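Colleague:
Protein chains: 2
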Amino acid sequence: MERTLVIELKPGKDVLVKGWVHEIREMSKMKFIILRDVSGMVQCVLKKESKGFNEELTLESVISLKGNVKSAKLTNEKLTLKNVEIEVTELEIISKAEQLPIQVNEKTTSTDLSKRLDYRWLDLRKPEHLLVFKIWTCMEEAMREYWVKHGFIEIYTPKFMKSASESGAELFEVKYFGKKAYLAQSPQFYKQMAMAAGFERIFEIAPVFRANPSATSRHDTEFTMIDMEISFIKSEEDVMKVEEEWISYFLKKVKEEYGEEIKKTFGVDIIIPKLPFPRITMADAMKLLKEKGYKSSKGADLDAEGEKILAEIIKERYHHEFVFITEYPFSVRPFYHMKNESNNSLTKSFDLVWKGVEITTGAQREHRLNTLKEQAIEKEIDPKSIQYYLDFFRYGVPPHGGCALSPTRLLMLMLNLGNVREATFLPRDMTRLNP
Amino acid sequence: MERTLVIELKPGKDVLVKGWVHEIREMSKMKFIILRDVSGMVQCVLKKESKGFNEELTLESVISLKGNVKSAKLTNEKLTLKNVEIEVTELEIISKAEQLPIQVNEKTTSTDLSKRLDYRWLDLRKPEHLLVFKIWTCMEEAMREYWVKHGFIEIYTPKFMKSASESGAELFEVKYFGKKAYLAQSPQFYKQMAMAAGFERIFEIAPVFRANPSATSRHDTEFTMIDMEISFIKSEEDVMKVEEEWISYFLKKVKEEYGEEIKKTFGVDIIIPKLPFPRITMADAMKLLKEKGYKSSKGADLDAEGEKILAEIIKERYHHEFVFITEYPFSVRPFYHMKNESNNSLTKSFDLVWKGVEITTGAQREHRLNTLKEQAIEKEIDPKSIQYYLDFFRYGVPPHGGCALSPTRLLMLMLNLGNVREATFLPRDMTRLNP
């Protein structure tokens with residue numbers, strides 16, 4: 008007999024189901040088992056005469072059950088159960104679980120995160136944790152659908168570099184055949200190389216590595232990054248237009264497929280953002296914030312608190328969860344951001360803030376070799392140290408720009424998870440390298 | 008005026024096109040330019056009265072042209088040109104190219120690979136090189152379509168590890184906050200963790216890192232890997248079934264979209280493989296090969312030469328480009344491959360050979376903790392050194408198996424490229440870390 012998934016169970020059929028023992032209730036003449044597979048949970052009833060009734064069952068063991076499906080009206084406050092019940096004729100234990108170090112059938116609390124991560128493979132068995140990765144799969148599929156429809160080409164850039172991609176700080180060093188190599192903190196230089204190569208529109212989804220000694224809820228030493236870059240733009244506005252269209256596209260798809268489950272599980276409504284997203288210059292944002300008595304801890308840049316207050320103002324004014332902040336001062340941007348034609352102290356760059364948290368940095372890049380070299384010098388970067396990058400601009404390169412954002416941060420905000428680690432399969436930080 | 012892509016040009020329209028100068032022919036009163044963008048090439052005619060006629064043009068400069076589209080019958084032995092011509096009214100140079108170190112409009116030869124890779128961003132401008140990555144994008148999209156249709160979940164596993172994933176050899180060491188970490192050679196252990204976590208069917212596409220001191224046409228120190236793993240299998244046969252269905256699915260999609268272009272550019276026909284693929288046990292393969300006088304340089308394993316001869320035999324017998332070789336001896340397989348129930352010296356594993364080259368290793372994994380531990384000891388691996396991995400098997404884990412294959416090798420074989428580096432955006436090997 009072929010296995011049936013819980014989600015496919017229909018009354019009146021003889022079935023074979025396989026999965027994990029989520030709950031057990033034992034009585035003298037009956038046992039109730041909640042069986043969980045990747046698709047859902049179902050109540051199974053064993054009677055004394057069922058084969059395997061006397062097997063010693065433990066929570067989280069993997070079992071196989073044969074039986075008949077009956078319709079049943081089940082109400083369970085804790086669990087979402089399939090509205091059928093299996094009358095078991097035969098139970099077999101496939102893989103017996105030892106005493107559990109963390110419970111799978113208890114509600115998650117954020118305070119136990121460290122222990123949960125030690126046993127991440129058990130922690131991920133909780134249906135609401137698995138759901139995060141089902142949503143990621145759906146979200147990424149929708150992102151890619153948009154890109155492919157719009158002529159984007161996928162690239163995989165190298166993670167080994169001879170020198171730093173941006174600043175030398177927070178760089179991981181690798182022993183490389185008796186020499187040194189470094190791990191890419193971002194594919195920035197290489198996605199620009201793709202523009203010099205005439206790829207015109209590219210995306211990449213890949214790990215980035217940052218020797219980040221801080222341990223906030225938003226930072227890991229290794230995480231997945233989504234990068235886009237497009238050519239022949241008129242200004243950074245063209246990048247923002249693509250990004251907002253793309254975000255609204257994939258949010259719609261996620262809502263269609265998982266909207267209800269997200270509401271039920273995480274208590275969050277996905278709001279499809281109206282286009283265009285509100286835009287505000289950094290100067291105007293600072294003015295608004297000053298009126299609220301805000302003073303940034305990061306000088307000419309916004310800190311997390313500033314982004315939060317600004318988002319509240321924008322929400323009140325425009326009823327919008329997103330806001331592009333534009334025209335960042337050159338002093339707080341990397342050397343390769345293009346400067347404003349009309350005001351040399353500003354750049355053609357932007358951040359995107361969602362629900363009060365920055366999710367993107369983007370910009371038009373400086374593609375004119377001499378200006379780029381001057382801007383590097385202005386930032387005290389020795390042009391020789393980035394010569395291989397500067398060479399990309401010598402043989403004809405179109406005006407271009409792009410942006411990047413992290414899917415774990417996106418999911419944290421979308422599902423109100425409180426921590427990027429809840430959306431990371433197996434997080435890595437300063438002290439965490441195991442499992 | 009909005010920019011028009013070459014592929015969208017239609018006679019009778021006034022257009023603005025942007026791209027690279029692929030060729031220039033200058034006469035006293037006329038200039039012919041072949042303009043290239045991401046979508047194709049078009050001939051453009053400048054007359055003395057065209058604005059910008061006197062601009063000094065260099066090959067590979069980025070230009071912008073305004074003009075009127077005329078139909079034209081063009082025959083060019085070297086180039087695939089759009090069957091229209093642009094009568095240019097205005098030319099503008101956007102980014103002027105210096106003297107080129109390698110030519111973009113000359114035919115590629117394999118002997119100049121090293122220099123081409125030094126200037127990879129110019130090398131990739133050749134339409135046949137760009138085409139490889141358009142095909143990759145299409146191929147990966149089709150792969151994902153198959154996975155999503157079949158309930159696979161996408162994961163991104165960590166690349167930092169505390170210890171080796173398989174053997175300690177060929178491992179890159181990273182300085183990790185005063186300690187040591189290693190770069191993952193494969194996501195093997197973590198995709199098995201996903202099975203222990205109840206994800207049931209997963210895929211991952213991500214870089215792997217191998218401190219490979221050899222420099223053959225098939226090996227880099229860093230490359231993209233495609234991994235799959237599925238649960239509740241009956242044997243390795245279930246893995247092979249999924250893999251062959253998946254391969255035939257994406258080959259079909261690639262052929263639909265790029266079949267003609269592939270034939271024209273690379274001279275290769277994509278043959279959609281019939282299901283099921285031929286299967287042969289290692290013992291039978293060795294028997295057949297002995298008859299041809301073959302002796303393996305790798306003992307009980309097949310070497311590259313053996314795979315090639317076997318593929319020829321299979322092609323003659325079954326008219327099939329693919330062959331699964333099954334039942335590899337445990338002596339040539341990693342400790343976590345499940346042994347055969349009937350013959351303990353063999354494993355429930357397989358390789359897949361396409362056009363004479365191995366593209367996959369796959370297997371049912373040993374999921375029974377005690378047996379797994381014994382098999383580790385048999386391979387002289389200290390169980391303590393992989394304790395974090397063995398722990399995945401303590402709390403209920405379903406029978407599972409999977410396989411992996413590299414997209415660059417796939418594309419090399421599909422397009423007859425002769426070298427994986429031709430399908431790698433920016434290859435890395437022992438000596439190559441720049442650009």
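The listed protein sequences correspond, in order, to chains A and B.
Residue numbering for the first sequence follows this note's numbering, beginning at 8 and increasing consecutively.
Residue numbering for the second sequence follows this note's numbering, beginning at 8 and increasing consecutively.
A virtual CB, placed ideally from N, CA and C, is assigned to each residue, including glycine.
Here the structure is a predicted model, which means the values were calculated and not measured.
(1) Kindly list, in the order they appear in chain A, the residues whose Cβ is closer than 7 Å to that of I160 (chain B).
(2) So the beta strand (DSSP E) A3 (chain A) belongs to, where does it begin and stop?
(3) According to DSSP, is Q195 (chain B) helix, strand or coil?
(4) Using C-beta distances below 7 Å, list every residue in its chain close to P283 (chain A), excluding the 5 sequence neighbours before and after it, in chain order.
(5) Please give me, in chain order, every unbroken run of the beta strand (DSSP E) with length at least 3 that falls completely inside the segment 334-401 of chain A.
(6) So which residues on chain A does R132 (chain B) lean against when the C-beta distance must stay under 7 Å?
(7) From which residue to which residue does the alpha helix (DSSP H) around F257 (chain A) run?
(8) Give the single residue among B:K259, B:F399, B:V13 and B:A430 whose Cα lies nearest to the Cα of E105 (chain A).
(9) Rounded to the nearest angstrom, what separates F184 (chain B) and A218 (chain A) at their Cα positions?
(10) Please compile the residues from chain A whose C-beta is within a distance smaller than 8 Å of the C-beta of A370 (chain B).
(11) Can you tell me the Cα-Cα spacing of F239 (chain B) and D245 (chain B), whole angstroms?
(12) Using three-state DSSP, classify D130 (chain A) as helix, strand or coil.
(13) Which residue comes first and which comes last in the alpha helix (DSSP H) that contains Y325 (chain B)?
(14) Kindly identify the DSSP beta-bridge partner or partners of H407 (chain A).
(15) Using the beta-carbon of each residue, which ones in chain A are nearer than 7 Å to L129 (chain B)?
(16) Count the C-beta pairs between the segment 398-413 of chain B and the segment 372-390 of chain B that are closer than 8 Å, then say yes if the count reaches three, no if not.
(17) Classify S71 (chain A) as helix, strand or coil using the three-state DSSP reduction.
(18) Beta-carbon of P390 (chain B) versus every beta-carbon of chain A: anything under 8 Å?
(19) Compare the C-beta of D398 (chain A) with all C-beta atoms of chain B and state if any pair is closer than 8 Å.
(20) What separation, rounded to the nearest whole angstrom, lies between the Cα atoms of H157 (chain A) and D21 (chain A)?
(21) Please determine if the segment 141-155 of chain B and the segment 184-195 of chain B are in contact, where contact requires at least 3 C-beta pairs separated by less than 8 Å.
(22) Could you compute how far the alpha carbon of G363 (chain A) sits from the alpha carbon of D389 (chain A)?
(23) Would DSSP call I31 (chain A) helix, strand or coil?
(24) Under 8 Å between C-beta atoms, does A213 (chain A) make it to chain B?
(25) Which same chain residues, not among the five before or five after F273 (chain B), have their C-beta less than 8 Å away from its C-beta?
(26) 8 Å is my cut-off, CB to CB: does E148 (chain A) come that close to chain B?
(27) Which residues in chain A have a C-beta closer than 7 Å to the C-beta of W27 (chain B)? List them in chain order.
(28) Determine the contact status of W27 (chain B) and G205 (chain A), defining contact as a CB-CB distance below 8 Å.
(29) Distance cutoff 8 Å, beta carbons only. Does I316 (chain B) sit that close to anything in chain A?
(30) Are Y189 (chain B) and P442 (chain A) touching if we call contact CB-CB under 8 Å?
(31) Under the three-state reduction of DSSP, which class applies to T118 (chain A): helix, strand or coil?
(32) From W253 (chain A) to I142 (chain A), what does the alpha carbon distance come to, in whole angstroms?
(33) So for P214 (chain A), helix, strand or coil by DSSP?
(34) Using a beta-carbon distance below 8 Å, is E30 (chain A) in contact with chain B?
(35) Among B:N90, B:Q50 and B:N426, which residue has its Cα nearest to the Cα of K73 (chain B)?
(36) Using a Cβ-Cβ cut-off of 8 Å, state whether A188 (chain A) counts as contacting chain B.
Modeller: This is what the structure gives:
(1) F140, K141 and T144
(2) One cannot answer for residue 3 (chain A) here, as it falls past the ends of chain A, which runs 8 to 442.
(3) helix
(4) E251
(5) 356-361 and 364-371
(6) A204 and G205
(7) E243 to F273
(8) B:F399
(9) 8 Å
(10) Within 8 Å Cβ-Cβ: nothing; A370 (chain B) doesn't reach chain A, min ~18 Å.
(11) 9 Å
(12) helix
(13) A311 to Y325
(14) A:S238
(15) Y402
(16) yes
(17) strand
(18) no
(19) yes
(20) 48 Å
(21) no
(22) 36 Å
(23) strand
(24) yes
(25) E135, L422, N423 and L424
(26) yes
(27) G205 and G403
(28) yes
(29) no
(30) no
(31) helix
(32) 17 Å
(33) strand
(34) no
(35) B:Q50
(36) yes
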